[in-house]
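A quick write-up on the structure given underneath.
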Amino acid sequence: MIDTGLYGIVRHPMYFATVLLFLAMPFVLGSLISFVIFLAYPFLIGKRIKGEEQFLEQELPGYKEYKEKVKYRLLPFIW
């Protein structure tokens, strides 16, 4: 289990990067539609993370211990 670098701060740093990408998209495109899409994205990613973590707890030895060590899923000090 990797628990150094970004994986020592949050359990899903790649999903965090996609949230940042979607946050920047409305500004880059100057599009209100992309902003509306972004509002739905964090909820979708949150649901995916919950399901993924349930699966990993069941199928990946040591994941429960990793969750205890790295407390935050996506946003440091928040969630």
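Residue numbers (the numbering used here): 2 to 80.
Each residue gets a CB set at the ideal place from its N, CA and C atoms; glycine is no exception.
Report the option in G52, E54, L22 whose CA atom is closest to the CA atom of L40. Residue nearest to L40 within the set G52, E54, L22 is L22 (criterion: CA-CA distance).
Counting only the same chain and skipping the five closest in sequence on each side, list residues whose C-beta sits under 7 Å from that of E58. Answer for E58: Y64, K65, listed in chain order.
Excluding five sequence neighbours on each side, which residues of the same chain lie with their C-beta closer than 8 Å to the C-beta of V20? Here the set comprises Y42, P43, I46, L75.
Using DSSP's beta-bridge definition, name the partner residues of V11. Per DSSP, the beta bridge partners of V11 are Y73.
Where the alpha helix (DSSP H) through F36 begins and ends: DSSP places F36 in the uninterrupted alpha helix (DSSP H) bounded by 33-60.
In chain order, what residues of the same chain lie with their CB nearer than 8 Å to the CB of V11, ignoring the 5 residues before and after it? Exclusion of the five residues before and after V11 leaves F17, V71, Y73, R74, L75, L76, P77 as the residues of its chain whose Cβ lies within less than 8 Å of its Cβ.
Could you check what DSSP says for G6 in three-state terms: helix, strand or coil? Shown here, G6 sits in a helix according to DSSP, grouped into three states.
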